[in-house]
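Trainee:
Protein chains in written order, with my numbering: chain S, -13 to 286; chain L, 1221 to 1468.
(1) How long is the line joining the alpha carbons of residue 1377 of chain L and residue 1428 of chain L, rounded to whole angstroms?
(2) Under three-state DSSP, which class holds residue 1401 of chain L?
(3) Just list the residues that DSSP pairs residue 1234 of chain L with in beta bridges.
(4) Counting contacts by CB-CB distance shorter than 8 angstroms, is residue 1257 of chain L in contact with chain S?
(5) So, for residue 6 of chain S: in the same chain, excluding its five sequence neighbours on each side, which residues have a beta-carbon less than 7 angstroms away from its beta-carbon?
(6) For a contact meaning CB atoms closer than 7 angstroms, what does residue 60 of chain S contact in chain L?
(7) Any C-beta of chain L sitting closer than 8 angstroms to the C-beta of residue 13 of chain S?
(8) For residue 1419 of chain L and residue 1261 of chain L, what's the separation of their Cα atoms in angstroms?
(9) Is any beta-carbon of chain S found at less than 8 angstroms from that of residue 1447 of chain L?
(10) Can you name the start and end residues of the beta strand (DSSP E) that residue 1318 of chain L belongs to?
(11) Could you have a look at residue -2 of chain S and say whether DSSP puts it in helix, strand or coil?
(12) Give the secondary structure of residue 103 of chain S by DSSP, where H, G and I count as helix, E and B as strand, and everything else as coil.
(13) From residue 1294 of chain L to residue 1278 of chain L, what distance separates their C-alpha atoms?
(14) What residues in the segment 39 to 55 of chain S bring their beta carbon closer than 7 angstroms to a beta carbon of chain L?
(15) Would you list, in sequence order, the uninterrupted alpha helix (DSSP H) runs of no fewer than 4 residues that lie entirely inside the segment 27 to 105 of chain S?
(16) Thinking residue 53 of chain S and residue 256 of chain S are a contact (beta carbons under 8 angstroms), I'd like their distance in whole angstroms, please.
(17) What's the C-alpha gap between residue 1360 of chain L and residue 153 of chain S?
(18) On the premise that residue 1252 of chain L lies in contact with residue 1268 of chain L, defined as a C-beta separation below 8 angstroms, what is that separation, rounded to the nearest angstrom?
(19) By the 9 angstroms beta-carbon criterion, what residues does the segment 1418 to 1429 of chain L contribute toward chain B?
(20) On a Cα-Cα basis, can you pick out the residue from S:188, S:84, S:183, S:162 that is closest to residue 220 of chain S?
(21) Within 10 Å of its beta-carbon, does residue -7 of chain S have 16 or more other beta-carbons around it, so buried, or fewer, so exposed?
(22) Name the DSSP beta bridge partners of residue 230 of chain S, please?
(23) So, with DSSP's three-state summary, where would you put residue 1429 of chain L?
(24) Just the chain S side, please: which residues come within less than 9 angstroms of residue 1224 of chain L by C-beta, in chain order?
(25) Apart from the five residues just before and just after residue 1244 of chain L, which ones in its own chain have a Cβ nearer than 6 angstroms to its Cβ?
(26) Based on the DSSP secondary-structure assignment, which residues constitute the bridge partners of residue 147 of chain S?
(27) When you compare only the Cα positions, how much space is there between residue 1451 of chain L and residue 1306 of chain L?
(28) Write down the C-beta distance between residue 41 of chain S and residue 56 of chain S rounded to the nearest angstrom, noting that I regard them as a contact closer than 8 angstroms.
(29) Using DSSP's beta-bridge definition, name the partner residues of residue 195 of chain S.
(30) Distance check for residue 1414 of chain L and residue 1389 of chain L, CA to CA, integer angstroms please.
(31) Could you give the C-beta distance for residue 243 of chain S and residue 59 of chain S, rounded to a whole number, given that I count them as a contact under 8 angstroms?
(32) Pair every Cβ in the segment 1336 to 1355 of chain L with every Cβ in the segment 1405 to 1412 of chain L, then say whether three or more of these pairs are closer than 8 angstroms.
(33) Have a look at the DSSP bridge pairing and note the partners of residue 1280 of chain L.
(34) Using a cut-off of 7 angstroms between C-beta atoms, extract the partners of residue 202 of chain S located in chain L.
(35) Among S:222, S:125, S:203, whose alpha-carbon lies nearest the alpha-carbon of residue 88 of chain S?
(36) Going by alpha carbons, who is nearest to residue 13 of chain S out of S:81, S:277, S:26?
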């Protein structure tokens, strides 16, 4: 009997398609709707200690096979976020609280609040590529990463996931530093920019942003494969997944589950349902009962 | 994909509102919008206020980007992406358009011989596109009362029988939309409202403009009266730039 249910990073999911952080997950009603329309779980927008407006638009640039964004970590601040989690929890599926901070103490404070709000796990944003002092600036320092993960693992009862950046010289070094996490989420966006030739200007108000979408899938696959080949840790694949084949490729590279973000632009919120239905057909046709049978099968 | 389009004609509509006309080889339907980039200043959503051979945006100066935009001249270029959003349904038969302030800009493409307009604004010199309605199908309402009826938009609604129309199209500040909604709810008439919320991406991913889990930029900006009826946030709460929920 085919089942899409997976256990990953210390939690159970009825299907492996998770909404990636930063997409449609700032407010509770939207997260609830995404869950109702088929996602197995949602990761919240990254929440910090203080309220932030983010950058002023343009915050996105759309290409044929990619999106570059520099939202600038907009968020209502952790104190205002409990209400959103409460609304989203009516979706009756796991909510993973994404948090960003510049150091151990703030990460712990945010993680503790998220736990109090009732999330199923926290995802540490160690990888946002476009805000000074946060994200990948924290996540490219293995000593700091080890310290943050160790502290949160030692203090929180809920699982801790670490979302890592591909914008480092060795993803394996950072993954090793974060290996105590219940899961590694690979990858965040690839640092990028867009120039408009007509006006001779960078398009994003912040000039630099992070690239996502189909074009970065090969980078994501490489990171998942490279890490799973060396480390015994659950991996959640993310980066350019827009159909079930993309998801299978990530699973075969070593991911136990996957996240979807940019594909929502072309396929809408229905993308989660579509991909999980297609996966189920694939499993039936190939006599695969559990996706876990396929995790890492491509690794040589 | 950013389109660079030359301003063919500029029209001053009111002391604070101007329209910029440009040639753009794209099919645009009534109610849709574009994201207009003002390099160095920002990017703003604007409804398309003319969909013929010449397309048009109607700009009200209220922030850095729009103040810059409204100063552009014929021959200058505008930069935009789109069109985005779910359009209004095709009008058929007699229709009623209710526009508050610059809200009439997104309804303008529906103006025709069978359209009656309730045109509302705070001051009389801000009445927008009123003269584009047939003379006998124009109901002006202003708070200063120098032109038209003195009062709020509902006073205009008192002048018509809403069930005489095949559809009512409404655009303006959300408080006004809510007031109109409350008034016409329960009547036997179709109605569609165009919502305005703080919008950033325009393509349905950033969650800035969401209302009860719907993204105004892709699921809207037009919503039917039935859809609004299920939205507890309509007319009550909205999201700030940070995503913090506040009372309207």
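We put the CB at the ideal spot given by N, CA and C, even for glycine.
Mentor: Working from what's here:
(1) What you label residue 1377 of chain L is simply residue 157 of the second chain in a count that begins at 1. What you label residue 1428 of chain L is simply residue 208 of the second chain in a count that begins at 1. Cα to Cα, residue 1377 of chain L sits roughly 32 angstroms from residue 1428 of chain L.
(2) Here the question's residue 1401 of chain L lines up with position 181 in the second chain. Here residue 1401 of chain L sits in helix by DSSP.
(3) For the purposes of this step, residue 1234 of chain L is taken as the residue at position 14 of the second chain. According to DSSP, which records beta bridges pairwise, residue 1234 of chain L is partnered with L:1237.
(4) For the purposes of this step, residue 1257 of chain L is identified with residue 37 of the second chain, where counting begins at 1. Taking Cβ atoms only, chain S reaches closer than 8 angstroms to residue 1257 of chain L, which makes this a yes.
(5) In the first chain, residue 6 of chain S corresponds to position 20, counting from 1. Cβ neighbours of residue 6 of chain S beyond the five flanking positions: 29, 224, 245, 246, 247.
(6) Position 74 of the first chain holds residue 60 of chain S. 1461, 1462, 1463, listed in chain order.
(7) Taking the first residue of the first chain as 1, we reach residue 13 of chain S at position 27. Cβ-Cβ to chain L under 8 angstroms: yes for residue 13 of chain S.
(8) Start at 1 with the first residue of the second chain, and residue 1419 of chain L comes out as number 199. Start at 1 with the first residue of the second chain, and residue 1261 of chain L comes out as number 41. So the alpha carbons of these two residues sit roughly 16 angstroms apart.
(9) Position 227 of the second chain, counting from 1, holds the residue named residue 1447 of chain L. No, residue 1447 of chain L lies away from the interface with chain S (no Cβ there is under 8 angstroms from its Cβ).
(10) For the purposes of this step, residue 1318 of chain L is taken as the residue at position 98 of the second chain. Per DSSP, residue 1318 of chain L belongs to the beta strand (DSSP E) from 1315 to 1320.
(11) Your numbering for residue -2 of chain S matches position 12 in the first chain. Residue state, collapsed to three classes: strand.
(12) To locate residue 103 of chain S, count along the first chain from 1; it is residue 117. Helix at residue 103 of chain S.
(13) Here residue 1294 of chain L refers to the residue found at position 74 of the second chain. Here residue 1278 of chain L refers to the residue found at position 58 of the second chain. So the alpha carbons of these two residues sit roughly 14 angstroms apart.
(14) 39, 40, 42, 43, 44, 45, 46, 48
(15) 68 to 74, 90 to 103
(16) Within the first chain, residue 53 of chain S is the residue found at index 67, counting from 1. Within the first chain, residue 256 of chain S is the residue found at index 270, counting from 1. Wrong, their Cβ atoms sit about 18 angstroms apart, outside the cutoff.
(17) To locate residue 1360 of chain L, count along the second chain from 1; it is residue 140. To locate residue 153 of chain S, count along the first chain from 1; it is residue 167. C-alpha separation (whole angstroms): 59 angstroms.
(18) Mapped onto the second chain, residue 1268 of chain L falls at position 48. Mapped onto the second chain, residue 1252 of chain L falls at position 32. The Cβ separation is near 6 angstroms, so the contact holds.
(19) Annotation note: the requested chain B is absent from the structure, which comprises protein chains S and L.
(20) For this step, residue 220 of chain S is matched to residue 234 along the first chain. Taking only the C-alpha atoms, the option nearest residue 220 of chain S is S:162.
(21) Translated into positions along the first chain, residue -7 of chain S becomes position 7. Residue -7 of chain S comes out exposed.
(22) Here residue 230 of chain S corresponds to residue number 244 of the first chain, with the count starting at 1. Answer by DSSP bridge pairing: none, since residue 230 of chain S is not bridged.
(23) Here the question's residue 1429 of chain L lines up with position 209 in the second chain. DSSP places residue 1429 of chain L in coil when its eight states are reduced to three.
(24) Counting from 1 along the second chain, the entry for residue 1224 of chain L is found at position 4. Going along chain S in sequence order, the residues near residue 1224 of chain L (Cβ under 9 angstroms) are 182, 184, 185.
(25) For this step, residue 1244 of chain L is matched to residue 24 along the second chain. Result list for residue 1244 of chain L: 1225, 1275, in chain order.
(26) As a position in the first chain, residue 147 of chain S is number 161, starting the count at 1. Paired residues: S:109, S:169.
(27) As a working note, residue 1451 of chain L is residue 231 in the second chain. As a working note, residue 1306 of chain L is residue 86 in the second chain. C-alpha separation (whole angstroms): 17 angstroms.
(28) Translated into the one-based positions of the first chain, residue 41 of chain S becomes position 55. Translated into the one-based positions of the first chain, residue 56 of chain S becomes position 70. Right, their Cβ atoms sit about 6 angstroms apart.
(29) As a working note, residue 195 of chain S is residue 209 in the first chain. S:178.
(30) If you number the second chain from 1, residue 1389 of chain L lands on position 169. If you number the second chain from 1, residue 1414 of chain L lands on position 194. Taking the straight line joining both Cα atoms gives about 8 angstroms.
(31) For this step, residue 243 of chain S is matched to residue 257 along the first chain. For this step, residue 59 of chain S is matched to residue 73 along the first chain. Not really, about 24 angstroms apart at Cβ, beyond 8 angstroms.
(32) no
(33) Here residue 1280 of chain L refers to the residue found at position 60 of the second chain. The partner list for residue 1280 of chain L (beta bridge, DSSP) reads L:1237.
(34) Start at 1 with the first residue of the first chain, and residue 202 of chain S comes out as number 216. Chain L residues near residue 202 of chain S: none, gap ~15 angstroms exceeds 7 angstroms.
(35) What you label residue 88 of chain S is simply residue 102 of the first chain in a count that begins at 1. Comparing Cα-Cα distances from residue 88 of chain S to each of S:222, S:125, S:203, the minimum goes to S:125.
(36) Your numbering for residue 13 of chain S matches position 27 in the first chain. The candidate whose alpha carbon is nearest that of residue 13 of chain S is S:81.
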